[in-house]
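This note's numbering applies: residue 35 is where the sequence shown begins, and numbers increase by one.
The structure under discussion appears below in the form of structure tokens.
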Amino acid sequence: MEKQVLLQLNQIEKSFGETQVLKGISLTVYQGEFITLLGSSGCGKTTTLRIIAGLETPDNGSILLEGQDVTEIAPNHRDVNTVFQSYALFPHMNVAANIAYSLKIRNTPKAEIAARVKEILELVQLEGYEKRMPSELSGGQKQRVAIARALINRPKLLLLDEPLGALDLQLRRQMQLELKRLQKKLGLTFIYITHDQEEALNMSDRIVVMEDGRFEQIGTPSEVYDAPRTSFVAKFVGTANLIEGTVTSSDGRLIQFQNQDGSGSFLTVGHKFAAGDTVTLAVRAEQTHITLDTEDERGAQTGICGIVNEKNFAGGMLRIAVKTANDNEIICSRQGIDSALATGDHVVITWLPEHCVPVDLQESEAFDHEKP
35 MEKQVLLQLN
45 QIEKSFGETQ
55 VLKGISLTVY
65 QGEFITLLGS
75 SGCGKTTTLR
85 IIAGLETPDN
95 GSILLEGQDV
105 TEIAPNHRDV
115 NTVFQSYALF
125 PHMNVAANIA
135 YSLKIRNTPK
145 AEIAARVKEI
155 LELVQLEGYE
165 KRMPSELSGG
175 QKQRVAIARA
185 LINRPKLLLL
195 DEPLGALDLQ
205 LRRQMQLELK
215 RLQKKLGLTF
225 IYITHDQEEA
235 LNMSDRIVVM
245 EDGRFEQIGT
255 PSEVYDAPRT
265 SFVAKFVGTA
275 NLIEGTVTSS
285 DGRLIQFQNQ
295 DGSGSFLTVG
305 HKFAAGDTVT
315 LAVRAEQTHI
325 TLDTEDERGA
335 QTGICGIVNE
345 KNFAGGMLRI
355 AVKTANDNEI
365 ICSRQGIDSA
375 LATGDHVVIT
385 WLPEHCVPVD
395 LQESEAFDHE
405 KP
């Protein structure tokens, strides 16, 4: 069945004073998708969301909602609701009144308001909290009320501006699951913004990686993580090593390259290269293999040689930093808390050909990763 287009952003540009915040961004969002805008502070995520909501007007470009141009339409006339990190609950109203507020100002019959509030409280698992005041709620409960208030109008599109940013790690992970459950159950379209890559990878159908007012890459979590198109995406999403070198030979989809340290390796790619081409390769830290480079075979093994510079443990992974001959650093990681390798050991780093991805290619060099 063909996907139904809900929202289109067409070449959106926006400046504040002399600073251009959005630089011609375009995006197609389909009905029922969970889309995440992922990027660091200042990349343009919130401005993009505010333009979709109608809280800002683009300098150039257009916004289509279900095929209708809403670029100049006021926020209250767009079938779009927003959930903010700050919750923005009315402190003098109880939970039921907060959720019902938008229905009340539209003169919805009281019986319908009561029925819809009851229904939405069940959805967000807050049955029995109707008479609680915001000051009596935990952070997670406040966020559920804010989400319920946004959903009560049954909008076509829900925008979420870092809604879990104020929660502690354990609660944030719990709420990620809750949001995804709600989104799938209701069949709504969510556009979610965050700077947390784990959040984006866990929740999204597609991720839009943003940097400096541009969309660096749009793809599924797997595409963004396993096949980054640019060095920025490779470094921002997960931990990737960028290795520069020169192609020495190419045979179909298998190439050999010489890196800056003089080491060699092989790479299976979906790109056409010729001898002499320069290439930047991205290799995930967890997909590297690291072995001792013993004195009697030093430099004879195929791979990148270096010296262990640092070992540390975080989040269930052992991180080993290796300094190469030209003072670059390569990060290797694996499950566990210890390794026989010690600081100062000479090592060789290798990887499987399919785990190495060329980045920062010209369009003419790249195959279309978005086609099946």
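Idealized CB from N, CA, C, for every residue including glycine.
Owing to the predicted nature of the structure, the values given are computational and were not obtained by experimental measurement.
For K219, the enclosing alpha helix (DSSP H) begins and ends at L203 to L220. For P255, the enclosing alpha helix (DSSP H) has its first and last residue at P255 to D260.
Taken in chain order, the segment 353-395 contains no complete alpha helix (DSSP H) segment of 4 residues or longer. DSSP places A122 in no alpha helix (DSSP H); its state is neither H nor E.
A contact between stretches requires three or more CB pairs, one per stretch, nearer than 8 Å, and the segment 141-152 fails this requirement with the segment 101-117. Taking 8 Å as the cut-off, the Cβ atoms of M237 and L213 count as close.
G174: member of the alpha helix (DSSP H) spanning G173 to L185, first to last residue. A residue is called buried once 16 or more other Cβ atoms fall within 10 Å of its Cβ, and S74, having fewer, is exposed.
DSSP places Y64 in the strand class (E or B) of the three-state scheme. A residue is called buried when at least 16 other Cβ atoms come within 10 angstroms of its Cβ; I139 does not meet this threshold and is exposed. Inter-residue distance for I241 and V129 is about 33 Å (C-alpha atoms, whole angstroms). Spatial neighbours of N44 in its own chain (CB-CB distance under 6 Å, excluding positions within 5 residues in sequence) are listed in chain order as S60, G95 and S96. W385 is a Cβ neighbour of V317, given a cutoff of 8 Å. The alpha-carbon separation between I227 and L89 amounts to approximately 16 Å. Judged by DSSP in its simplified three-state form, V129 adopts helix. For V117 against I181, the beta-carbon gap comes to about 6 Å, under 8 Å, which counts as contact. Relative to the Cα of E363, the nearest Cα in the group D93, V342 and Q175 belongs to V342. Q321 sits in a helix when the DSSP states are folded into three classes. Between Q38 and L98 the beta-carbon gap is near 13 Å, outside 8 Å, which marks them as no contact. Closest by C-alpha distance to L192, out of R84, K144 and V258, is R84. Beta-bridge annotation (DSSP): K345 is paired with I354.
I154 is not a Cβ neighbour of L198, given a cutoff of 8 Å. By the criterion of a C-beta distance shorter than 7 Å, D327 is surrounded in its chain by Q335, C339, H380, V381 and V382, once the five residues flanking it on both sides are discounted. Of all alpha-carbon atoms in L71, E320, F50 and I289, the one lying nearest the alpha-carbon of G370 is that of E320.
G340 is bridged by DSSP to T358 and V381. In this chain, M244 is not harboured by any alpha helix (DSSP H); it is covered by the beta strand (DSSP E) spanning R240 to E245. Sorting L56, S284, E52 and S373 by C-alpha distance to the C-alpha of F307 places S284 at the top. Checking the DSSP bridge columns, you'll see Q231 has no partner listed.
Contact between N360 and R353 fails: their C-beta atoms lie close to 21 Å from each other, not under 8 Å. Taking R263 as the centre and dropping the five residues before and after it, the same chain places the C-beta of Q251 closer than 6 Å to its C-beta, in chain order.
Remark: C-beta atoms of V114 and A134 do not approach each other more closely than 8 Å.
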